[in-house]
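Asks: Numbering (my numbering), first residue to last: 18 to 514.
1) Kindly provide the ranges of any beta strand (DSSP E) runs that are 3 or more residues long and lie completely inside the stretch 373 to 414, ordered along the chain.
2) To the nearest angstrom, how far is it from the Cα of residue 134 to the Cα of residue 171?
3) Are the beta-carbon atoms of residue 393 and residue 371 separated by less than 7 Å?
4) What are the boundary residues of the alpha helix (DSSP H) that residue 316 is part of?
5) On the three-state DSSP scale, how would you describe residue 175?
6) Is it buried or exposed, residue 486, if we count other Cβ atoms within 10 angstroms and call 16 or more buried?
7) Relative to the C-alpha of residue 390, which candidate in 458, 253, 489 has its C-alpha closest?
8) Taking contact to mean 3 or more Cβ pairs, one atom from each stretch, closer than 8 Å, check whether the stretch 111 to 124 and the stretch 148 to 166 are in contact.
9) Following the continuous alpha helix (DSSP H) through residue 280, name the residue where it begins and the one where it ends.
10) Between which residues of its own chain and residue 178 is the CB-CB distance below 6 Å, once the five residues before and five after are set aside?
11) Is the number of C-beta pairs between the stretch 373 to 385 and the stretch 420 to 430 that are closer than 8 Å three or more?
12) In the DSSP assignment, what are the bridge partners of residue 13?
13) DSSP three-state call for residue 344: helix, strand or coil?
14) By the 10 Å Cβ neighbour count, where 16 or more other Cβ atoms means buried, how is residue 469 classified, buried or exposed?
15) Distance check for residue 439 and residue 454, CA to CA, integer angstroms please.
16) Within 10 angstroms of its Cβ, does residue 404 collect 16 or more other Cβ (buried), or is it exposed?
17) Determine the burial state of residue 353: buried for a count of at least 16 other Cβ atoms within 10 Å of its Cβ, exposed for fewer.
18) Contact between the stretch 274 to 282 and the stretch 295 to 302: three or more CB pairs below 8 Å?
19) Hey, how far is the Cα of residue 291 from the Cα of residue 283?
20) Which two residues bound the contiguous beta strand (DSSP E) that contains residue 263?
21) Is residue 63 buried or exposed, if buried means 16 or more other CB atoms sit within 10 Å of its CB?
22) Can you tell me the Cα-Cα spacing of residue 164 and residue 232, whole angstroms?
23) By the DSSP assignment, the beta strand (DSSP E) with residue 297 in it spans what residues?
24) Could you pull the start and end residues of the beta strand (DSSP E) that residue 246 belongs to?
25) Assign residue 507 to one of three DSSP states: helix, strand, or coil.
26) Is it true that the CB of residue 128 sits closer than 7 Å to the CB of residue 176?
27) Given a threshold of 16 other Cβ atoms within 10 Å of its Cβ, counted over all protein chains shown, does residue 475 qualify as buried or as exposed?
28) In terms of residue numbering, what span does the beta strand (DSSP E) encompassing residue 463 cover?
29) Tell me which same chain residues have a C-beta within less than 6 Å of the C-beta of residue 241, skipping the five on either side of it?
30) What do you reckon, are the CB atoms on residue 346 and residue 287 nearer than 7 Å?
31) Thinking just about the alpha-carbon of each residue, which of 264, 339, 437 is nearest to the one in residue 471?
32) How many Å lie between residue 428 and residue 482 at the Cα?
33) Can you give me the C-alpha to C-alpha distance between residue 416 and residue 375, rounded to a whole angstrom?
34) Starting from the Cα of residue 402, find the closest Cα among 264, 448, 108, 425 and give me that residue.
35) Measure the C-alpha to C-alpha separation of residue 274 and residue 379 and round it to an integer number of angstroms.
36) If the criterion is Cβ atoms closer than 7 Å, does the pair residue 446 and residue 425 meet it?
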């Protein structure tokens with residue numbers, strides 16, 4: 018990965034290798050997982066297409082046609098589905114705290130469950146299944162008022178059976194009667210409490226349907242390069258990869274396998290050490306690749322399967338052919354390792370410069386998310402366009418973007434001499450006028466006088482707001498960008514020869 022970038026659009030070309038299976042054409046409906054809440058800043062595109070036929074050595078059997086996430090969820094094998102019968106020999110009663118409790122516990126039961134390190138929290142049983150290593154059952158629980166990514170499988174060893182109840186109200190009464198948690202336990206729970214995400218375009222029926230189909234994580238953990246990660250959400254993987262405790266991803270082409278040995282064999286045959294596509298940015302050990310969803314369908318599909326394991330509440334219908342993916346990597350002597358990505362439409366009628374964005378968990382809180390937002394605007398500046406992320410934004414997405422908008426707008430206002438219009442401010446920063454207005458209103462730096470907006474920004478107020486906006490994270494050096502904007506007519510001409 019060393020050496021200077023070739024000053025052309027294709028700074029690094031994809032290396033061909035014999036072990037890559039052919040890419041199948043898209044068939045049937047395609048699913049797009051939108052950003053943030055439904056379509057904004059925290060989503061991804063997931064093409065549910067006919068998977069390629071892979072060699073016996075790599076995955077052991079061909080991958081079948083995958084369809085809508087709803088159908089995928091219905092197909093996945095489960096033991097002990099809601100409403101399923103329990104063998105009579107499994108049913109028994111135990112006495113806990115003077116109460117008789119019937120086992121196995123029913124789906125929909127409420128109780129207090131150990132969350133971590135002896136801390137108990139109210140939970141609801143979402144699913145149950147017979148354990149393979151013991152004669153009893155294990156339960157998939159959702160911790161009340163916690164984000165769904167905290168849902169997990171647990172056993173009776175971690176359940177307070179004295180608090181078993183049929184409703185949340187009954188559970189509250191039982192916990193109150195028994196004295197509840199200690200003040201210290203309550204404080205610890207409140208410190209880590211996370212509100213549910215804003216659900217954006219989902220109405221209540223669609224939200225219930227989505228959560229029913231995706232209520233159980235189908236993969237518990239993944240290995241990607243030198244990191245092992247706990248997954249957060251359901252991903253519509255091909256059926257034979259559902260209910261895997263561990264899935265192994267090749268860190269370069271993102272092919273995934275059930276067995277680590279299969280992944281290592283694939284890695285030995287693969288000669289690439291970076292994502293496909295064109296390297297458009299490199300600064301020290303940070304690199305970014307632009308990948309055309311039409312040209313590299315398989316990689317983009319695998320990227321989406323991976324991303325969906327950490328994203329929720331995103332389902333819209335699109336085709337990756339229509340999108341460009343920008344993959345951020347950390348580089349070392351072993352190659353380029355995927356950190357995160359964002360995607361955007363090739364031609365957006367609404368002027369969107371970002372559709373979806375994700376930083377993988379091991380790389381979060383290192384400034385990479387801010388870097389992805391920043392470089393999306395730097396590309397807009399090269400295009401001589403103003404940009405904005407897809408709407409609606411999730412609550413966390415709005416916080417991230419408002420921080421970026423605040424820093425960029427106030428840096429201009431701090432150094433600018435004379436008067437400046439909102440349109441000029443928008444053109445200088447590539448931030449859409451509506452986002453300029455909303456940000457300045459949030460900062461109380463704009464007033465509406467005599468039918469027009471007037472910016473009122475005292476130097477001390479600007480300095481204070483800049484400090485409150487926080488760090489810009491990993492900075493983008495615009496001089497390191499080697500990029501030519503996508504041109505549909507030119508691509509069509511090249512295709513025609």
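For each residue, glycine too, the CB sits at the ideal point set by N, CA and C.
Replies: In short, the structure shows the following:
1) 373 to 376
2) Reading the chain shown from its first residue, position 117 is the one you call residue 134. Reading the chain shown from its first residue, position 154 is the one you call residue 171. Their backbone Cα atoms lie some 14 Å apart in a straight line.
3) Reading the chain shown from its first residue, position 376 is the one you call residue 393. Reading the chain shown from its first residue, position 354 is the one you call residue 371. Their beta carbons are under 7 Å apart, which means residue 393 touches residue 371 by this criterion.
4) Sequence index remark: in the chain shown, residue 316 carries index 299 (1-based). First-last of the alpha helix (DSSP H) with residue 316: 314 to 325.
5) Against the chain shown, residue 175 aligns to sequence position 158. Reduced to three states, the DSSP call for residue 175 is helix.
6) Your numbering for residue 486 matches position 469 in the chain shown. With 16 or more Cβ atoms within 10 Å of its Cβ, residue 486 is classed as buried.
7) To locate residue 390, count along the chain shown from 1; it is residue 373. Between residue 390 and the set 458, 253, 489, the nearest pair of CA atoms involves 489.
8) yes
9) By 1-based counting over the chain shown, the position of residue 280 is 263. 277 to 286 is the extent of the alpha helix (DSSP H) around residue 280.
10) By one-based count along the chain shown, residue 178 stands at place 161. Excluding residues within five positions, the ones whose Cβ falls inside 6 Å are 113, 118.
11) With contact defined as three or more Cβ pairs closer than 8 Å, the stretch 373 to 385 and the stretch 420 to 430 are not in contact.
12) This structure leaves residue 13 out entirely; the chain is present only between 18 and 514.
13) To locate residue 344, count along the chain shown from 1; it is residue 327. Residue 344 falls in the strand class under three-state DSSP.
14) By one-based count along the chain shown, residue 469 stands at place 452. Residue 469 is exposed by the Cβ-count criterion.
15) Taking the chain shown and counting its residues from 1, the one referred to as residue 454 is at position 437. Taking the chain shown and counting its residues from 1, the one referred to as residue 439 is at position 422. Rounded to the nearest angstrom, the two C-alpha atoms are 8 Å apart.
16) As a working mapping, residue 404 is identified with position 387 in the chain shown. Buried, because 16 or more other Cβ atoms sit within 10 Å of the Cβ of residue 404.
17) Locating residue 353 in the chain shown gives position 336, counting from the first residue. Buried, because 16 or more other Cβ atoms sit within 10 Å of the Cβ of residue 353.
18) no
19) Here residue 291 corresponds to residue number 274 of the chain shown, with the count starting at 1. Here residue 283 corresponds to residue number 266 of the chain shown, with the count starting at 1. If you take the alpha carbons of residue 291 and residue 283, they lie about 15 Å apart.
20) For the purposes of this step, residue 263 is taken as the residue at position 246 of the chain shown. Segment 261 to 266, the beta strand (DSSP E) holding residue 263.
21) By 1-based counting over the chain shown, the position of residue 63 is 46. For residue 63, the pLDDT reaches just 41, beneath the cut-off of 50, and the residue's location in the model is therefore unreliable, leaving the point undetermined.
22) In the chain shown, residue 164 corresponds to position 147, counting from 1. In the chain shown, residue 232 corresponds to position 215, counting from 1. So the alpha carbons of these two residues sit roughly 12 Å apart.
23) The residue labelled residue 297 in the question sits at position 280 within the chain shown. Looking at the DSSP string, the run of the beta strand (DSSP E) that includes residue 297 is 295 to 300.
24) Residue numbering aside, residue 246 sits at position 229 when the chain shown is read from its first letter. Looking at the DSSP string, the run of the beta strand (DSSP E) that includes residue 246 is 244 to 247.
25) Looking up residue 507 in the chain shown gives position 490. In the structure shown, residue 507 sits in a helix (DSSP, three-state: H, G or I).
26) The residue given as residue 176 occupies position 159 in the chain shown. The residue given as residue 128 occupies position 111 in the chain shown. Going by C-beta atoms, residue 176 is nearer than 7 Å to residue 128.
27) Within the chain shown, numbered from 1, the residue matching residue 475 stands at position 458. When all chains shown are included, residue 475 counts as exposed.
28) What you label residue 463 is simply residue 446 of the chain shown in a count that begins at 1. 463 to 466 is the span of the beta strand (DSSP E), which, as asked, contains residue 463.
29) Position 224 of the chain shown holds residue 241. Closer than 6 Å at the Cβ level, and outside the excluded window around residue 241, lie 266, 268.
30) By 1-based counting over the chain shown, the position of residue 346 is 329. By 1-based counting over the chain shown, the position of residue 287 is 270. Going by C-beta atoms, residue 346 is not nearer than 7 Å to residue 287.
31) By 1-based counting over the chain shown, the position of residue 471 is 454. Measuring from the Cα of residue 471, the nearest candidate turns out to be 437.
32) Translated into positions along the chain shown, residue 428 becomes position 411. Translated into positions along the chain shown, residue 482 becomes position 465. Distance between the alpha carbons of residue 428 and residue 482: 11 Å.
33) As a first step, residue 416 is located in the chain shown; it is residue number 399 there, counting from the start. As a first step, residue 375 is located in the chain shown; it is residue number 358 there, counting from the start. Answer to the nearest angstrom: the Cα atoms are 15 Å apart.
34) Counting from 1 along the chain shown, the entry for residue 402 is found at position 385. When only C-alpha atoms are compared, the closest one is 448.
35) To locate residue 274, count along the chain shown from 1; it is residue 257. To locate residue 379, count along the chain shown from 1; it is residue 362. If I take the Cα positions, the gap works out to 21 Å.
36) Translated into the one-based positions of the chain shown, residue 446 becomes position 429. Translated into the one-based positions of the chain shown, residue 425 becomes position 408. Yes, they are a contact pair.
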